[in-house]
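Written out below as structure tokens is the structure these notes cover.
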Amino acid sequence: MEITEWFETNWNVSPETQLKIAYSVLSILILALLRVVLFKILFNKITDPKERYYWKNVIKNSYYALVLLVIGSIWIDKLGSLATFFGLVTAGLAIALQDPIVNLAGWLFILLRKPFEVGDRVEISGVAGDVIDIRFFQFTLNEIKNWVDADQSTGRIVHIPNGKVFKEVQANYNQGFSHIWNEIGVLVTFESNWEKAKSILEAILSKKTDNLSQQAERKLIEASKKFMILYTTLTPVVYVAVKDSGVMLSMRYLVNPKNRRDSEHKIWLDVLRQFSESNDIDFAYPTQRVYFNPREGKPQTGKSH
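With my numbering, the residue at position 136 of the sequence shown is 143, and numbering never jumps.
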């Protein structure tokens, strides 16, 4: 007795249903064999445990998605058209490979829209660094900041999925306006000659940043053609404010992002040298005073401690 006749006699199964069963079993066997082959290639080619684990899950999820789609196309008549079948296969692959596809789309976005390029200093997902590589699925940063108390490299390389450009806020230190504003606060005592201190700081800034501001002005003109960037003043300035323990003199100036720490270092050297030569200028710091003239409320000469 043939198998088809046996099915019809014992299970009351029509030839059409028998054919679907046969196709289903054959499809599962083929997909299972393909899965085994892909696993073998995976374990031979990839040695990193984390990367191997990632692609193992991709293959496994793709296998289950394809099984469901193929079996569905066999048993549901309305899914019989070739166009519909391939559409469902594509949808299944899109679900199974969601992260790689999003990262690939992010790569295309980075290339076409150019939110950043290799060499730019950026910050994304709380990580700041210089872009040193852009690939299909991820871009790589030479990390700055973190435990280093300045905009300098930590020595770590950070890989970020390209898909982050669709979900996270990105800060670009270089794009458009190639310089950033930096501020250095200098706190002097109320008794200091703060006007003299302000003049000293202005002279230091003028000496250290004059050429930088001219360069920044040229960059700003170029950037204004692409972005709505409007600055009325590009020259260095020293702002004055009163704080609890003294007069705050804030030096504000333009600097290349990668030179921020070096510029602060050079400015502070000049500040320390010139303030040390001025007997009427003192840095302010937390202190306690006792006044012996409560009537006037002001310290008497030689009476404060």
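Ideal Cβ placement from N, Cα and C applies to all residues, glycine included.
Computed from a predicted model, the values in this text were never measured in an experiment.
Handout entry: Exposed unless 16 or more other CB atoms sit within 10 angstroms - verdict on W114
Key = W114 should be labelled buried.
Practice task
Could you round the C-beta distance between F123 and N179 to whole angstroms and report it? I think they count as a contact, below 8 Å.
Solution key: The pair is a contact, with the Cβ atoms about 5 Å apart (cut-off 8 Å).
Problem - Euclidean distance between Cα positions of V193 and S252 - result: Cα-Cα distance, rounded: 12 Å.
Practice task
Assign K27 to one of three DSSP states: helix, strand, or coil.
Solution key: The three-state reading of DSSP puts K27 in helix, counting H, G and I together.
Handout entry: Endpoints, beta strand (DSSP E) assigned at L256
Key = Residues 253-262.
Exercise for the section: Starting from T216, follow its DSSP beta bridges and name the residues at the other end. Expected result: DSSP lists no beta-bridge partner residue for T216.
Exercise for the section: With a cut-off of 8 Å on the beta carbons, I'd call F116 and V195 a contact; round off their distance for me. Expected result: The C-beta distance from F116 to V195 rounds to 50 Å, too long to meet the 8 Å contact threshold.
Exercise for the section: Could you tell me the boundaries of the alpha helix (DSSP H) in which S160 lies? Expected result: DSSP places S160 outside any alpha helix (DSSP H); the residue lies instead in the beta strand (DSSP E), whose first and last residues are 160-168.
Practice task
Scan the stretch 127-196 and note each continuous beta strand (DSSP E) run of 3 residues or more that stays entirely inside, going in chain order.
Solution key: Whole beta strand (DSSP E) segments, 3+ residues: 128-131, 134-141, 145-151, 160-168, 177-179, 187-195.
Exercise for the section: Using alpha carbons as the reference points, say which of L148, V134, G133 lies closest to D140. Expected result: Ranked by how close their Cα comes to the Cα of D140, the residues L148, V134, G133 have L148 in first place.
Exercise for the section: Would you mind stating whether S199 and D127 have Cβ atoms separated by less than 9 Å? Expected result: Cβ atoms of S199 and D127: not closer than 9 Å.
Exercise for the section: Let me know the secondary structure DSSP gives A291 once reduced to three states. Expected result: DSSP places A291 in coil when its eight states are reduced to three.
Problem - C-beta atoms of V245 and L256 nearer than 9 Å - result: Result yes, Cβ atoms of V245 and L256 sit closer than 9 Å.
Problem - K250 - containing alpha helix (DSSP H), residue span - result: Unbroken run through K250 is the beta strand (DSSP E), 244-250; no alpha helix (DSSP H).
Handout entry: Collapsed DSSP secondary structure at L86 in the structure displayed
Key = At L86 the pLDDT is 49, less than 50, meaning the model places this residue with poor confidence and gives no usable figure here.
Exercise for the section: Can you say whether T54 is buried or exposed, counting buried as having 16 or more other CB atoms within 10 angstroms of its CB? Expected result: Burial is judged here by how many other beta carbons sit within 10 angstroms of a residue's own beta carbon; T54 has fewer than 16 and is exposed.
Practice task
Helix, strand or coil for P22, going by three-state DSSP, please let me know.
Solution key: Reduced to three states, the DSSP call for P22 is helix.
Practice task
Using a threshold of 9 Å, state whether the C-beta atoms of I37 and I78 are closer than that.
Solution key: No, the Cβ-Cβ distance between I37 and I78 is not below 9 Å.
Problem - Minimum C-alpha distance to S283 - residue among K250, A204, D156 - result: Per the C-alpha coordinates, the member of K250, A204, D156 positioned closest to S283 is A204.
Handout entry: Which listed residue (V134, E271, P293, Q105) has its alpha carbon closest to that of K250
Key = The residue among V134, E271, P293, Q105 with its C-alpha nearest the C-alpha of K250 is P293.
Handout entry: Local conformation of I78 per DSSP, three classes
Key = Three-state result, I78: helix.
Practice task
Take E150 and list the residues in its own chain whose beta-carbon comes closer than 6 Å to its own, dropping the five residues that flank it on each side.
Solution key: Excluding positions up to five away in sequence, the list reads G136, T161, R163, V165.
Handout entry: Burial state of W154, where buried means 16 or more other Cβ atoms lie within 10 Å
Key = If you draw a 10 Å sphere on the C-beta of W154, you find fewer than 16 other C-beta atoms in it, and that means exposed.
Handout entry: Distance between beta carbons of D277 and I211, contact taken as under 8 Å
Key = By a beta-carbon distance limit of 8 Å, I211 contacts D277. Their separation comes to about 5 Å.
Handout entry: First through last residue of the alpha helix (DSSP H) which encompasses P107
Key = Run containing P107: 105-120, per the alpha helix (DSSP H) assignment.
Handout entry: S270: first and last residue of the uninterrupted alpha helix (DSSP H) it sits in
Key = For S270, the enclosing alpha helix (DSSP H) starts and ends at 267-283.
Handout entry: Cutoff 8 Å; reference L26; Cβ partners in own chain excluding five residues on either side
Key = Within the same chain, and ignoring the five residues on either side of L26 in sequence, no residue has its Cβ closer than 8 Å to its Cβ.
Problem - Euclidean distance between Cα positions of L208 and Y238 - result: Each residue's alpha carbon lies about 22 Å from the other.
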